[in-house]
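Novice: A single structure is presented below for examination.
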Amino acid sequence: MTDTPAAVELSGVHKWYGDYHALRDVTLSVASGEKIVVCGPSGSGKSTMIRCVNRLEAHHRGHIRVGGVELTGDPKTIDATRREVGMVFQSFNLFPHLTILENCTLAQTWAKKVPQKVAQETAMRYLERVRIPEQAGKYPGQLSGGQQQRVAIARSLCMDPKVMLFDEPTSALDAEMVKEVLDIMVELAAEGMTMICVTHEMGFARQAADRVVFMDAGQILKVAPPGEFFAAPRHERTRQFLAQVLH
């Protein structure tokens with residue numbers, strides 16, 4: 225047995241939007257280095273759950289811990305957690321008036337107080353990692369959607385996160401751009417990055433996930449390794465979902 229805390233732990237988490245119960249008693253533990261794919265129909269609470277992990281959304285009941293530290297409303301705790309947890313969104317969220325290099329250095333110099341030269345070296349290393357170093361001097365509007373999403377991944381990696389969250393990272397992309405982003409994510413998974421990824425890309429789930437989490441109506445209905453999840457879905461709601469996304 226090890227005393228190392230889970231990378232991310234949710235215990236009995238509830239979240240409401242007014243009268244709408246968005247998360248219902250969500251409990252999930254993610255080990256360091258584990259790759260989790262979260263899937264389910266629209267409105268099932270997938271994005272809300274991972275947005276709670278870095279306090280983009282506040283949970284109302286239960287506990288969320290990142291690296292053993294409980295996430296509360298305390299601004300210092302939130303800032304510390306966000307330095308540990310990178311997030312890539314459906315929309316790329318790049319600053320259009322900054323170059324690609326500037327997008328990748330801004331948080332380093334502002335949040336981590338990294339010297340500009342060091343920040344630029346780190347940014348270029350990760351732009352090479354996602355295979356677009358030649359785009360460093362361009363602006364986001366000059367790049368394809370797939371390239372912009374790769375910049376967003378590089379920008380998160382520049383902060384040296386312990387956990388990466390992906391919220392539907394390919395859903396805004398044209399079909400031909402999806403693979404280039406998924407390829408990067410598969411490589412990160414193979415290198416041991418702790419990842420929680422909300423996606424409908426079931427091929428990625430089969431290839432890269434350690435476990436697949438299925439959510440519906442704000443609840444986790446099933447957690448299983450990909451082989452079991454796809455081969456023997458016992459829950460009727462899971463079977464309905466897979467019939468839709470696999471055909």
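Residue numbers for the sequence shown follow our numbering, so the first one is 225 and each next one is one higher. Virtual Cβ for every residue (Gly too), placed ideally from N, Cα, C. Quick caveat: nothing in here was measured; it's all calculated off a predicted structure.
(1) When you compare only the Cα positions, how much space is there between L389 and G365?
(2) Using the beta-carbon count (16 or more within 10 Å), is N278 buried or exposed?
(3) Answer with buried or exposed for N327, where buried requires no fewer than 16 other C-beta atoms within 10 angstroms of its C-beta.
(4) For the alpha helix (DSSP H) that contains M388, what are its first and last residues?
(5) Going by the beta-carbon positions, is the gap between F438 and L445 smaller than 8 Å?
(6) Out of E258, P265 and H283, state which residue places its alpha-carbon closest to the alpha-carbon of V250.
(7) Rounded to whole angstroms, how far is the Cβ of D440 from the Cβ of R458, which I believe are closer than 8 Å?
(8) For the candidate residues A396, E233 and A414, whose alpha-carbon lies nearest to that of L295?
(9) Assuming contact is defined by CB atoms lying nearer than 8 Å, are G369 and L412 in contact in what I supplied?
(10) Going straight from the alpha carbon of I302 to that of M273, what length do you get?
(11) DSSP state of E233, grouped into three classes?
(12) Does the beta-carbon distance from E258 to T418 come in below 8 Å?
(13) At the level of alpha carbons, what is the spacing between S271 and R379?
(14) For K362 and T323, what's the separation of their Cα atoms in angstroms?
(15) What whole-angstrom Cβ distance do A432 and M409 have, given they're in contact under 8 Å?
(16) Return yes when the Cβ of V375 is within less than 8 Å of the Cβ of P393, no when it is not.
Specialist: Taking the definition as stated:
(1) The residue labelled residue 389 in the question sits at position 165 within the sequence shown. The residue labelled residue 365 in the question sits at position 141 within the sequence shown. Using only the alpha carbons, I get a separation of about 24 Å.
(2) In the sequence shown, residue 278 corresponds to position 54, counting from 1. Buried is the call here.
(3) Within the sequence shown, residue 327 is the residue found at index 103, counting from 1. Label assigned to N327: buried.
(4) Residue numbering aside, residue 388 sits at position 164 when the sequence shown is read from its first letter. It is not in any alpha helix (DSSP H) - M388 instead sits in the beta strand (DSSP E) that spans V387 to D391.
(5) On the sequence shown, residue 438 is found 214 positions in, with the first residue counted as 1. On the sequence shown, residue 445 is found 221 positions in, with the first residue counted as 1. The answer is yes: Cβ separation under 8 Å.
(6) Position 26 of the sequence shown, counted from the start, is the residue given in the question as residue 250. Per the Cα distances, H283.
(7) The count along the sequence shown starts at 1 and reaches residue 440 at position 216. The count along the sequence shown starts at 1 and reaches residue 458 at position 234. Actually they are not in contact, since the Cβ atoms of D440 and R458 sit about 14 Å apart, beyond 8 Å.
(8) Taking the sequence shown and counting its residues from 1, one reaches residue 295 at position 71. The residue with the shortest Cα to Cα distance from L295 is E233.
(9) Position 145 of the sequence shown holds residue 369. Position 188 of the sequence shown holds residue 412. Their beta carbons are not under 8 Å apart, which means G369 does not touch L412 by this criterion.
(10) For the purposes of this step, residue 302 is taken as residue 78 along the sequence shown, with counting starting at 1. For the purposes of this step, residue 273 is taken as residue 49 along the sequence shown, with counting starting at 1. Roughly 16 Å between the two C-alpha positions.
(11) For this step, residue 233 is matched to residue 9 along the sequence shown. In the structure shown, E233 sits in a strand (DSSP, three-state: E or B).
(12) Indexing the sequence shown from 1 puts residue 258 at position 34. Indexing the sequence shown from 1 puts residue 418 at position 194. In contact: E258 and T418 (Cβ atoms closer than 8 Å).
(13) As a first step, residue 271 must be located in the sequence shown, where it is residue number 47. As a first step, residue 379 must be located in the sequence shown, where it is residue number 155. Their Cα atoms are separated by approximately 20 Å.
(14) Translated into the one-based positions of the sequence shown, residue 362 becomes position 138. Translated into the one-based positions of the sequence shown, residue 323 becomes position 99. Computed Cα separation, rounded: 5 Å.
(15) Numbered from its first residue, the sequence shown carries residue 432 at position 208. Numbered from its first residue, the sequence shown carries residue 409 at position 185. Contact flag correct, Cβ pair sits at about 7 Å.
(16) In the sequence shown, the residue the question calls residue 393 occupies position 169. In the sequence shown, the residue the question calls residue 375 occupies position 151. Against a cut-off of 8 Å, the Cβ pair of V375 and P393 comes out as no contact.
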